[in-house]
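In my numbering, the protein residues as written are 35 to 189. Idealized CB from N, CA, C, for every residue including glycine. Computed from a predicted structure; not experimentally measured.
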């Protein structure tokens, strides 16, 4: 019996509408949960009898953010094989794509530091870096993925 491999792309490096929906859905869950966590953490704290306390939504948002981050790590490996490698020789949007890879790498490293850093100075630096770059990540991602943005503007 002959095995067939399911195609994940239409043509060379192009994704179907369903795959794009999945990719952008995972990124939206990651970005949205992080942005909402920032809002709840910094602007909507709860006030208890002993002062300010974390908003109850923070726990669920950070749990969703962690799950979305795990899915994004898995998806990053898949995207490297299915999208980055086939398009590398073409040269189109290479600089914007590599900036997304570098930005993603810094976000992964700062997220790791947030989880494991014991030093308060390093933790403060990683916190600020992570949420600043995380909020900014949406703009180059949308620009890279948009076919309506002129190529000269992106690269």
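Span separating the alpha-carbon of residue 149 from that of residue 107
16 Å
With the cut-off set at 7 Å, would you say residue 119 and residue 144 are in Cβ contact?
no
CA nearest to the CA of residue 105, picked from 158, 156, 61:
61
Of the listed residues 93, 103, 89, 90, nearest to residue 63 (C-alpha basis)
103
Among residues of its own chain, excluding the 5 on either side of residue 178, which ones have a beta-carbon nearer than 7 Å to its beta-carbon?
127, 130, 131, 134, 188
Taking C-alpha atoms, which residue in 68, 57, 117, 155 lies nearest to residue 95?
68
Contained alpha helix (DSSP H) runs [length at least 4] in the segment 84-169, N- to C-terminal order:
90-113, 119-122, 128-150
By how many angstroms is the C-alpha of residue 110 removed from the C-alpha of residue 81?
40 Å
In or out: residue 175 buried (at least 16 other Cβ within 10 Å) or exposed?
buried
List the residues that DSSP assigns as beta-bridge partners of residue 80.
87
When the Cα atoms are used, what is the spatial distance from residue 51 to residue 153?
45 Å
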